[in-house]
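Structure first, then comments.
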Amino acid sequence: KQGPLLPGEGKFVKRVKPLYETPEREIAAYAWAVSIDYTTEICPYAKGAITLYYKEVLNQLEERRPGTKIRFVRGFLKKRHLFEGDVEKWEVKECKICGMPSGGEVCSFCRIWGLKEPVNLTIK
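Written out as structure tokens, the structure is:
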């Protein structure tokens, strides 16, 4: 899932992230400047998630040593090929409720929203 370009596979569409290296603050400033609504709320389901702690630590490092985040990201992108063989590719299944790609029987969306009945979603 990491990187500025994610190839499409099966029902997953190809994704291009043109703002991949743009800091979150700059994206928020641009959105504010051109009146694009965005949320600053943290997902209530993220409570206790270790990723929030990592984000806080990285923000503190960035404050003390500007440029830390971008150097980290660029270093990761240069070296990620070293780790690709170690990671097992997870089996992509279809959510039994909505039919979208999922790592389990039911996707996160349907699980969070408590959907129990199949819904008719079509990918165009």
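For my numbering, add 222 to where a residue sits in the sequence shown, where the first one is 1. From the three backbone atoms N, C-alpha and C, an ideal C-beta is built for every residue, glycine too. None of the values given here were measured: they were computed from a predicted structure.
* Asked: Would you report the Cα separation of T261 and R286, rounded to the nearest angstrom?
  -> 26 Å
* In the DSSP assignment, what residue or residues form a beta bridge with L283? -> None, per the DSSP bridge assignment.
* With distances taken from CA atoms, which of L228, L227, G232, P226 is nearest E316? -> G232
* Asked: At what residue ranges does the segment 290-343 contain a whole run of the alpha helix (DSSP H), taking only runs of 4 or more?
  -> 290-301, 330-335
* Minimum C-alpha distance to G230 - residue among G326, V314, I334, E327 -> V314
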